[in-house]
Amino acid sequence: GGLTFEGWRQLVFSPAQLDDVSVSGAAADPNSDGVDNFATYALGLGADEPGSRDGLPGVSTELGDDSKPHIVITFKRPVDRIGIVTYTARCSTDLKTWTEIAAPEEILSEADGMQTVRFVDPEPMNGRKFYQIRFTGGS
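FYI, in the numbering used here the residues of the sequence shown are 1 to 139.
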């Protein structure tokens with residue numbers, strides 16, 4: 001087994017904080033860094049460190065086999081959350097309707113309990129698109 005979200009909450013928060021979902025709940029952002037607790041857990045970020053945004057997914061471009069630019073999303077995740085959290089790359093043209101990127105994740109490296117992963121959008125860049133990594137599971 002790995003570290004569940006509930007196990008992470010028990011490690012990170014005091015008993016009083018655990019009783020207050022506005023501090024320790026999945027959607028809470030107690031350090032006001034714009035990253036909720038579940039994303040902090042899923043990405044292995046520092047829960048009480050303002051500025052823990054340093055470990056957020058990064059976006060870049062690379063030329064594909066078609067000689068056109070493709071979006072690449074790269075991020076790190078804790079090895080002990082694999083199989084507990086599902087990481088899905090999604091895109092949208094309007095921020096309302098999200099579609100899963102039809103590409104497998106590529107594992108780039110693994111060190112110090114963290115795995116570096118990337119998703120490459122199989123569709124070349126064309127117009128405006130928004131990207132996100134969706135985190136689900138945790139138990």
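All residues carry an ideal CB built from backbone N, CA and C; glycine is no exception.
Can you list, in chain order, the residues of its chain whose CB lies under 8 angstroms from that of D66, leaving out five sequence neighbours each side? Residue 66 sits at position 66 when you count from the first residue of the sequence shown. Correct list, in chain order: P124.
Grab the span of the alpha helix (DSSP H) containing L43 for me, first residue to last. By one-based count along the sequence shown, residue 43 stands at place 43. Note, L43: alpha helix (DSSP H), 37-43.
Counting only the same chain and skipping the five closest in sequence on each side, list residues whose C-beta sits under 6 angstroms from that of Q17. For the purposes of this step, residue 17 is taken as the residue at position 17 of the sequence shown. The residues are V23, S24.
I'd like to check one pair, I84 with G137: are the Cβ atoms closer than 8 angstroms? By one-based count along the sequence shown, residue 137 stands at place 137. By one-based count along the sequence shown, residue 84 stands at place 84. Cβ distance < 8 angstroms, so G137 and I84 count as in contact.
As a quick exercise: from S14, D33, A39, pick the residue whose alpha carbon is nearest that of A26. The sequence position of residue 26 within the sequence shown is 26, counting from 1. With distances taken between Cα atoms, A26 lies closest to A39.
Using the Cα positions of R134 and F75, report the straight-line distance between them to the nearest angstrom. Within the sequence shown, numbered from 1, the residue matching residue 134 stands at position 134. Within the sequence shown, numbered from 1, the residue matching residue 75 stands at position 75. Using only the alpha carbons, I get a separation of about 12 angstroms.
Assigned exposure category for V21 - 16 Cβ within 10 Å defines buried: The count along the sequence shown starts at 1 and reaches residue 21 at position 21. V21 is exposed by the Cβ-count criterion.
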